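Participant:
2 protein chains.
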Amino acid sequence: MKVTTKKEDFLQASLELIHEKGFKATTMRDIADRMGFDVSNSYNYIKSKQDILEFFLFRTSEEFHAAMNDILASSYPADEKLKQVISAHIKVAAKKPFEVALMVNEWRNLKEPKYTEYIRLRDLYERKMIQLLQEGVQTKVFKDMDVHIATAVILSSIRWLYTAYADKSEAELNPIELERQIVGLVFNGVLV
Amino acid sequence: MKVTTKKEDFLQASLELIHEKGFKATTMRDIADRMGFDVSNSYNYIKSKQDILEFFLFRTSEEFHAAMNDILASSYPADEKLKQVISAHIKVAAKKPFEVALMVNEWRNLKEPKYTEYIRLRDLYERKMIQLLQEGVQTKVFKDMDVHIATAVILSSIRWLYTAYADKSEAELNPIELERQIVGLVFNGVLV
DNA sequence: ATTTTATATCAACAATTGTTTATATTTACA
DNA sequence: TGTAAATATAAACAATTGTTGATATAAAAT
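For the protein sequence lines, the chains are A and B, in the order given.
Note that the first sequence covers residues 62 to 253 in our numbering.
Note that the second sequence covers residues 62 to 253 in our numbering.
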């Protein structure tokens, strides 16, 4: 009958509050208030405030990496791989907009050694993307371009996606059409 | 002889510290320490901590709007206008990376009524961009596309630019070549 | 030379913060 | 039924924070 545990409820409340106010601005008392109990009770569910951030950041990072790894390991040509990476991003952003928001906005608040560990995961993801683009350039699927800049541009261009789903206003956005539009832009640009 | 005032020095130190640690994590004592004087002396230079944030955010926002307005008011075709907007972004990011970092990362820390005021400026800028793209679609310079999504993608894709200049490591990045690469991607995409 | 102005320190404040300890109550299970 | 686990509160802590007031000195302007 019970579909979520109390700990999951607590983490979810934390996630939403952090998304609304930011990690530093969200106090343990804020979270406890939303849960309807005293601050001290929060520590029956997590070890520390930092742990909340770490939990979501590394879990969602793992999700992105898993998708990326499967795509890279496939035998699809580079353009199809890129399309699938974009597709995967849209799926995660649509399903877990608050988690993605955390990844975009709050990773700076990690403390050592988790901070360095997270940066390393970020860099690794970026390198995988560079590798994908390089493969595409070598196989003449992509044009000859600076793959580092292209990676930064492409990754950045899909970073806003979570906002489309976190702000309920635009939540009716059709993921299929969204993907079509973004892939169209990344593949062929804006010119006719 | 004196090229900067003490107040300008103070604001610059604040800016760099906020960029390093984040606005909330930067204390008035941090800034005073870097300036080499007591906290209380800081209040001879600014009214409050919030004022530091507001100062940079609205000043730099103004800079972006001014550039955008000039470009929109010109008689260039839409593609040339878009190229100039991208060019303007690169110029500002190269010249004031820390200010741009603040715009990207710290606007959430504004308090009412400045928060709402700032959001309004952001939305206005986005609407100007939508208008530019719409103009391009109508004049058949740009392909038929969802201009809202395209705006989000393009604006997001140039938001990372400041990192290339804030982190000294990549500071040797040639702005001319950077612009060429980004315009190439935005105009024609990655495909051959 | 005298008066502003700019620049600085010291001490203290009230509020907020993450966290702990001790303890109570409720729920689930053997 | 009894016992262990889960869930809760109350009270307090030490540290940090933005900010103020009183006061002193150095520099600039009159």
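We put the CB at the ideal spot given by N, CA and C, even for glycine.
Everything numeric in this text was worked out from a predicted model, so none of it was measured.
Quick check: what's the CA-CA separation for K82 (chain A) versus R169 (chain B)?
Facilitator: Indexing the first sequence from 1 puts residue 82 (chain A) at position 21. Indexing the second sequence from 1 puts residue 169 (chain B) at position 108. Cα-Cα distance, rounded: 8 Å.
Participant: Does the beta-carbon of L185 (chain B) have 16 or more other beta-carbons within 10 angstroms, so that it is buried, or is it exposed?
Facilitator: In the second sequence, the residue the question calls residue 185 (chain B) occupies position 124. Looking at its Cβ environment, which holds fewer than 16 other Cβ atoms inside 10 Å, L185 (chain B) is exposed.
Participant: Does any residue of chain A have a CB that is nearer than 8 Å to the CB of D228 (chain B)?
Facilitator: Counting from 1 along the second sequence, the entry for residue 228 (chain B) is found at position 167. Output row for D228 (chain B): interface = no.
Participant: Do I243 (chain A) and I219 (chain A) have their CB atoms nearer than 8 Å?
Facilitator: For this step, residue 243 (chain A) is matched to residue 182 along the first sequence. For this step, residue 219 (chain A) is matched to residue 158 along the first sequence. Yes, they are a contact pair.
Participant: Is it buried or exposed for K201 (chain B), if we count other Cβ within 10 angstroms and need 16 for buried?
Facilitator: Here residue 201 (chain B) refers to the residue found at position 140 of the second sequence. Its Cβ having fewer than 16 others within 10 Å, K201 (chain B) is exposed.
Participant: Scan the segment 73-96 of chain A for residues whose Cβ lies nearer than 7 Å to a Cβ of chain B and list them as they occur along the chain.
Facilitator: G83, K85 and A86
Participant: Could you tell me whether the segment 160-177 of chain A touches the segment 76-91 of chain A, using the rule of 3 or more Cβ pairs below 8 Å?
Facilitator: yes
Participant: Cα separation between V214 (chain B) and Q145 (chain A)?
Facilitator: Sequence index remark: in the second sequence, residue 214 (chain B) carries index 153 (1-based). Sequence index remark: in the first sequence, residue 145 (chain A) carries index 84 (1-based). Taking the straight line from one Cα to the other gives about 17 Å.
Participant: Around the C-beta of G97 (chain B), are 16 or more other C-beta atoms found within 10 angstroms, so that it is buried, or is it exposed?
Facilitator: Residue mapping note: residue 97 (chain B) aligns to position 36 of the second sequence, counting from 1. With fewer than 16 other Cβ atoms within 10 Å, it is exposed.
Participant: Starting from the C-beta of M62 (chain A), find all residues in its chain whose C-beta is less than 8 Å away, skip the five residues before and the five after it, and write them out in chain order.
Facilitator: On the first sequence, position 1 is the one that residue 62 (chain A) refers to. Low confidence applies to M62 (chain A): its pLDDT is 43, below 50, so where it sits in the model is not reliable enough to give any reading.
Participant: Whole angstroms is fine: what's the gap from V208 (chain A)'s alpha carbon to L216 (chain A)'s?
Facilitator: For the purposes of this step, residue 208 (chain A) is taken as residue 147 along the first sequence, with counting starting at 1. For the purposes of this step, residue 216 (chain A) is taken as residue 155 along the first sequence, with counting starting at 1. Distance between the alpha carbons of V208 (chain A) and L216 (chain A) is about 12 Å.
Participant: With DSSP run on the structure shown, which of helix, strand or coil describes F203 (chain B)?
Facilitator: Your numbering for residue 203 (chain B) matches position 142 in the second sequence. Three-state result, F203 (chain B): strand.
Participant: Going by the DSSP bridge assignment, what does L252 (chain A) pair with across the sheet?
Facilitator: The residue you call residue 252 (chain A) lines up with position 191 of the first sequence. Answer is B:F203, bridged to L252 (chain A).
Participant: Measuring CB to CB, does F119 (chain A) end up less than 8 Å from G250 (chain B)?
Facilitator: Locating residue 119 (chain A) in the first sequence gives position 58, counting from the first residue. Locating residue 250 (chain B) in the second sequence gives position 189, counting from the first residue. Their beta carbons are not under 8 Å apart, which means F119 (chain A) does not touch G250 (chain B) by this criterion.
Participant: Identify whether E254 (chain B) lies in helix, strand or coil by the three-state DSSP scheme.
Facilitator: Outside the displayed span of chain B (62 to 253) sits residue 254 (chain B), for which this structure offers no information.
Participant: Would Y223 (chain A) pass as a contact of V161 (chain A) if the rule is Cβ separation under 8 Å?
Facilitator: The residue given as residue 223 (chain A) occupies position 162 in the first sequence. The residue given as residue 161 (chain A) occupies position 100 in the first sequence. Yes, Cβ-Cβ distance for Y223 (chain A) and V161 (chain A) is below 8 Å.
Participant: Assuming the contact rule is C-beta atoms closer than 8 Å, E240 (chain A) and I147 (chain A) should be a hit. Round their C-beta distance to whole Å, please.
Facilitator: Numbered from its first residue, the first sequence carries residue 240 (chain A) at position 179. Numbered from its first residue, the first sequence carries residue 147 (chain A) at position 86. Right, their Cβ atoms sit about 7 Å apart.
Participant: Does DSSP put E124 (chain A) in a helix, in a strand, or in coil?
Facilitator: For this step, residue 124 (chain A) is matched to residue 63 along the first sequence. Of the three classes helix, strand and coil, the one that applies to E124 (chain A) here is helix, per DSSP.
Participant: Could you spell out the range, first to last residue, of the alpha helix (DSSP H) harbouring D94 (chain A)?
Facilitator: The residue given as residue 94 (chain A) occupies position 33 in the first sequence. Looking at the DSSP string, the run of the alpha helix (DSSP H) that includes D94 (chain A) is M89 to M96.
Participant: Quick one: what does DSSP say I132 (chain B) is sitting in, helix, strand or coil?
Facilitator: As a first step, residue 132 (chain B) must be located in the second sequence, where it is residue number 71. Here I132 (chain B) sits in helix by DSSP.
Participant: For N102 (chain B), which residues in the same chain have their Cβ closer than 7 Å to its Cβ, ignoring the five residues on either side in sequence?
Facilitator: Indexing the second sequence from 1 puts residue 102 (chain B) at position 41. Only residues of its own chain outside the window of five on either side were considered, and among them A93 have a CB closer than 7 Å to the CB of N102 (chain B), listed in chain order.
Participant: For a test of the three-state rule: what should DSSP assign to T212 (chain A), helix, strand or coil?
Facilitator: Translated into the one-based positions of the first sequence, residue 212 (chain A) becomes position 151. T212 (chain A) falls in the helix class under three-state DSSP.
Participant: I'd like to know whether the C-beta of M62 (chain B) is nearer than 8 Å to at least one C-beta of chain A.
Facilitator: On the second sequence, residue 62 (chain B) is found 1 positions in, with the first residue counted as 1. Per-residue confidence for M62 (chain B) stands at a pLDDT of 43, beneath the threshold of 50, marking its modelled position as unreliable; no derived number is given.
Participant: May I ask you to list, following chain order, the residues of the segment 163-196 of chain B that have a beta carbon less than 9 Å from some beta carbon of chain A?
Facilitator: Taking 9 Å as the Cβ-Cβ cut-off against chain A, the residues of the segment 163-196 of chain B that qualify are N166, R169, N170 and L194.
Participant: Would you identify the three-state DSSP class for P324 (chain B), choosing helix, strand or coil?
Facilitator: The question about residue 324 (chain B) has no answer here: the residues shown for chain B are numbered 62 through 253.
Participant: Using a threshold of 8 Å, state whether the C-beta atoms of T212 (chain A) and I180 (chain A) are closer than that.
Facilitator: The residue you call residue 212 (chain A) lines up with position 151 of the first sequence. The residue you call residue 180 (chain A) lines up with position 119 of the first sequence. T212 (chain A) is not a Cβ neighbour of I180 (chain A), given a cutoff of 8 Å.
Participant: Leaving out the 5 sequence neighbours to the left and right, which residues in its chain are closer than 7 Å to Q195 (chain A) when beta-carbon positions are compared?
Facilitator: Taking the first residue of the first sequence as 1, we reach residue 195 (chain A) at position 134. Same-chain partners within the cutoff: V208.
Participant: Can you confirm whether F248 (chain B), when its beta carbon is compared against all beta carbons of chain A, has any partner nearer than 8 Å?
Facilitator: If you number the second sequence from 1, residue 248 (chain B) lands on position 187. With respect to chain A, the C-beta atom of F248 (chain B) has a partner C-beta closer than 8 Å.
Participant: According to DSSP, is F84 (chain A) helix, strand or coil?
Facilitator: Within the first sequence, the letter at position 23 stands for residue 84 (chain A). Three-state DSSP puts F84 (chain A) in coil, outside helix and strand.
Participant: According to the Cβ coordinates, are A155 (chain A) and Y106 (chain A) closer than 8 Å?
Facilitator: Numbered from 1 along the first sequence, position 94 holds the residue referred to as residue 155 (chain A). Numbered from 1 along the first sequence, position 45 holds the residue referred to as residue 106 (chain A). Not closer than 8 Å, so no.
Participant: Cα separation between A149 (chain A) and L143 (chain B)?
Facilitator: By 1-based counting over the first sequence, the position of residue 149 (chain A) is 88. By 1-based counting over the second sequence, the position of residue 143 (chain B) is 82. Answer to the nearest angstrom: the Cα atoms are 29 Å apart.
Participant: For A139 (chain B) and G197 (chain B), which I take to be in contact (beta-carbon distance under 8 Å), what is that distance rounded to the nearest angstrom?
Facilitator: Counting from 1 along the second sequence, the entry for residue 139 (chain B) is found at position 78. Counting from 1 along the second sequence, the entry for residue 197 (chain B) is found at position 136. 3 Å between Cβ atoms; contact.
Participant: Give me the chain A residues within the contact set of M206 (chain B), using Cβ-Cβ distance strictly less than 8 Å, ordered along the chain.
Facilitator: If you number the second sequence from 1, residue 206 (chain B) lands on position 145. Under the 8 Å cutoff, chain A gives Q242, G245, L246 and V251.
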